[in-house]
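2 protein chains.
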Amino acid sequence: MSTAASERTRLRRAPARGAYDRDTIDAILDEGLVAHLGFSVDRQPYVIPTLHARVRDTVYIHGSAASRMIRTLTASAPACLTVTLVDAMVLARSAFHHSMNYRSVVVLGQARAVADPAELLVALEAFTEKLVPGRWDEVRPPNAKELKGTRALAMSLDEASAKARSGPPIDDDEDLERDVWAGVIPLGLAAGAPVADPQLAPGITPSEVVTGWKPGASR
Amino acid sequence: MSTAASERTRLRRAPARGAYDRDTIDAILDEGLVAHLGFSVDRQPYVIPTLHARVRDTVYIHGSAASRMIRTLTASAPACLTVTLVDAMVLARSAFHHSMNYRSVVVLGQARAVADPAELLVALEAFTEKLVPGRWDEVRPPNAKELKGTRALAMSLDEASAKARSGPPIDDDEDLERDVWAGVIPLGLAAGAPVADPQLAPGITPSEVVTGWKPGASR
Chain P
107 MSTAASERTR
117 LRRAPARGAY
127 DRDTIDAILD
137 EGLVAHLGFS
147 VDRQPYVIPT
157 LHARVRDTVY
167 IHGSAASRMI
177 RTLTASAPAC
187 LTVTLVDAMV
197 LARSAFHHSM
207 NYRSVVVLGQ
217 ARAVADPAEL
227 LVALEAFTEK
237 LVPGRWDEVR
247 PPNAKELKGT
257 RALAMSLDEA
267 SAKARSGPPI
277 DDDEDLERDV
287 WAGVIPLGLA
297 AGAPVADPQL
307 APGITPSEVV
317 TGWKPGASR
Chain A
107 MSTAASERTR
117 LRRAPARGAY
127 DRDTIDAILD
137 EGLVAHLGFS
147 VDRQPYVIPT
157 LHARVRDTVY
167 IHGSAASRMI
177 RTLTASAPAC
187 LTVTLVDAMV
197 LARSAFHHSM
207 NYRSVVVLGQ
217 ARAVADPAEL
227 LVALEAFTEK
237 LVPGRWDEVR
247 PPNAKELKGT
257 RALAMSLDEA
267 SAKARSGPPI
277 DDDEDLERDV
287 WAGVIPLGLA
297 AGAPVADPQL
307 APGITPSEVV
317 TGWKPGASR
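Residue numbers (the working numbering), protein chains in the order written: chain P, 107 to 325; chain A, 107 to 325.
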């Protein structure tokens, strides 16, 4: 499956770093825990961190019915959803060539309010399952009141692109013999041991869904 | 030191989660490795991951002189810079109350192109030192050609706000006795062992600046 690069998503700089195939785009969207959603109010751009979840060709964004972000975006404003994963610090022999290894996806388009209750439930299941796969079946599903207070937005992946940097630093040839170490420091999200809610009823232990959770795994 | 909340940065939702004091704002900006910068071109918002560094009351953003982002923003377009740190997954007893613990900062304003060569050098040192404290003195400083090809943008912290969620899940009272584990899974960025550039000259080992580096430490 592939996504056509539009004039707007085609990379202007460093085209070698760009990718438009859906497998690449989906993997980044699915691994990222947080998206940054951009929209404008009175010409002022806002960039807000938000939870997201992909279901096939759609990215869902979660919000309260009362939020400014949701109100703005459901009024057919253009939006941009960006997910970025940080993979390594890149340490070159010159200050100028220091960089980061990363993978990111940019999705452009209109956000659509999810009006169909069945689709809203699909989105809510996707949010929960994206955070912790298997969790949806352990917990109480949303009730009517919760569904009423929740808005989900949907963005199509029609206009999406991925960008990444990987590999060692790229120094100028004349710097290669400098007496300074160069290379990368790998980075990744790590999970600590689960911490029980102080209000947890006695005798309840976390299931394998919780104890087996790892960042980036199976999502 | 404190930053006045403007009408635009004041939180509309969940005001208990908002903070405007500069210590809180600075700590989040300094710990975050990547910022998301929002700007609009022809009414379409774009959100682009970028390196940033704070020097006192200014956040610098790094870019190539040729990039669309830099060209747009130096034409006095309003911008939004957002930095988000992910601290924990919040697992509630109901799907609806699942959440993330996080800290984020939103900076609104005009981006100013850094024209003064001395200020550009300050910004470049800040980018390098933010990635790896102590690194600037180990590596070759920027030369004239590199300075010419680099643009830095500056945003003032006059209009900035922080937002955070921390602590355990908040379930409805009637769910507290449910037979399912609830709590948080702490998350944080972790560094792997440094990986040398394949082109590294023989006999060069990483300094303590490199081997001692930890995410979030001393930045």
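All residues carry an ideal CB built from backbone N, CA and C; glycine is no exception.
On a predicted model such as this, the values are computed, not experimentally measured, just so you know.
Among the options, which has the Cα closest to the Cα of residue i?
i: P:V220; options: P:G255, P:A125, P:D264 and P:A307; result: P:G255
i: A:L226; options: A:V165, A:I154, A:P155 and A:A297; result: A:V165
i: A:A224; options: A:P248, A:K236, A:G240 and A:S205; result: A:P248
i: A:A183; options: A:L143, A:R209, A:V212 and A:H203; result: A:L143
i: P:Y208; options: P:I276, P:R177, P:G240 and P:A194; result: P:A194
i: A:A297; options: A:G318, A:A260 and A:I154; result: A:G318
i: A:T180; options: A:M261, A:D285, A:S272 and A:K320; result: A:M261
i: P:A198; options: P:W287, P:E244 and P:D264; result: P:W287
i: A:A258; options: A:P304, A:A229 and A:A133; result: A:A229
i: A:A141; options: A:A201, A:Q305, A:L237 and A:D264; result: A:L237
i: A:P292; options: P:A302, P:I291 and P:P292; result: P:A302
i: P:P275; options: P:F233, P:K269 and P:H204; result: P:H204
i: P:A250; options: A:A201, A:R162 and A:P304; result: A:A201
i: P:D264; options: P:L295, P:D281 and P:D163; result: P:D163
i: P:K320; options: A:G169, A:G294 and A:K320; result: A:G294
i: P:L253; options: P:D148, P:H168 and P:P155; result: P:H168
i: P:A232; options: P:M175, P:L139 and P:G215; result: P:L139
i: P:R177; options: P:T311, P:S146 and P:V196; result: P:S146
i: P:P151; options: A:E137, A:D129 and A:G215; result: A:G215
i: A:A273; options: P:L282, P:Q305, P:V153 and P:T188; result: Position check: residue 273 of chain A holds Gly in this sequence, whereas Ala was assumed. The candidate whose alpha carbon is nearest that of A:G273 is P:Q305.
i: A:E280; options: P:T234, P:R246, P:R284 and P:S313; result: P:R246
i: A:A133; options: A:P312, A:L187, A:A268 and A:P155; result: A:A268
i: A:I154; options: P:L282, P:V213, P:D148 and P:D127; result: P:V213
i: P:E314; options: P:D243, P:D285 and P:R284; result: P:D243
i: A:T234; options: A:T311, A:H158 and A:L187; result: A:H158
State the DSSP-derived secondary structure class of residue i, mapped to helix, strand or coil.
i: A:S108; result: Residue confidence is low: A:S108 scores 39 on pLDDT, short of 50, so the model does not pin down where it sits. Its coordinate-derived value is still stated next. Here A:S108 sits in strand by DSSP.
i: A:H158; result: strand
i: A:K67; result: No answer is possible for residue 67 of chain A: it lies beyond the span of chain A, which begins at 107 and ends at 325.
i: A:A183; result: coil
i: P:L259; result: strand
i: A:G169; result: strand
i: A:T311; result: coil
i: A:D281; result: helix
i: P:K320; result: coil
i: P:L226; result: helix
i: A:L197; result: strand
i: P:Q305; result: coil
i: P:A125; result: strand
i: A:R118; result: Residue placement at A:R118 cannot be trusted, given a pLDDT of 49 that sits under 50; what the coordinates show is reported in the next sentence. Reduced to three states, the DSSP call for A:R118 is coil.
i: A:R325; result: Legend: pLDDT at A:R325 = 44, less than 50; position of this residue unreliable, no value from coordinates given.
For the alpha helix (DSSP H) holding residue i, just list the boundary residues, first then last.
i: A:I131; result: R128 to E137
In terms of residues, what are the limits of the beta strand (DSSP E) holding residue i?
i: P:V245; result: Where P:V245 is concerned, there is no enclosing beta strand (DSSP E), given that its DSSP letter is neither H nor E.
i: P:A268; result: A266 to R271
i: P:H142; result: A141 to V147
i: P:Q216; result: S205 to Q216
i: A:V220; result: No beta strand (DSSP E) holds A:V220; DSSP gives it neither H nor E.
i: A:L296; result: The sequence shown places Ala at residue 296 of chain A, not Leu. Where A:A296 is concerned, the enclosing beta strand (DSSP E) stretches over G289 to A297.
Can you round the beta-carbon distance between residue i and residue j to whole angstroms, since I take them to be within the 8 Å contact cut?
i: A:A217; j: A:A185; result: 5 Å
i: A:R160; j: A:L191; result: About 14 Å; that fails the 8 Å criterion.
i: A:A270; j: A:A125; result: 7 Å
i: P:V211; j: P:I131; result: 5 Å
i: P:G289; j: A:P300; result: 6 Å
Just to confirm, does residue i get its C-beta within under 7 Å of one of the non-hydrogen atoms of the ligand SAM?
i: A:R257; result: What this structure holds is no ligand at all, so the ligand SAM is not there to describe.
Chain A contacts from the stretch 250 to 267 of chain P (Cβ-Cβ distance under 7 Å): E252
Chain A contacts made by the stretch 284 to 305 of chain P, where a contact means CB separation under 9 Å: R284, D285, V286, W287, A288, G289, V290, I291, P292, L293, G294, L295, A296, A297, G298, A299, P300, V301, A302, D303, P304 and Q305
The stretch 223 to 246 of chain P: positions lying closer than 8 Å to chain A by Cβ: L230, E231, F233, T234, L237, V238, R241, W242, E244, V245 and R246
Residues from the stretch 135 to 151 of chain P in contact with chain A, defined by Cβ distance under 7 Å: The residues in question are L139, V140, H142, G144, F145, S146, R149, Q150 and P151.
Interface positions of the stretch 304 to 322 of chain A facing chain P (Cβ-Cβ less than 8 Å), listed along the chain: P304, Q305, L306, A307, I310, T311, P312, S313, V316, W319 and P321
Contacting positions in the stretch 208 to 221 of chain A - beta carbon closer than 8 Å to chain P: Y208, S210, V212 and L214
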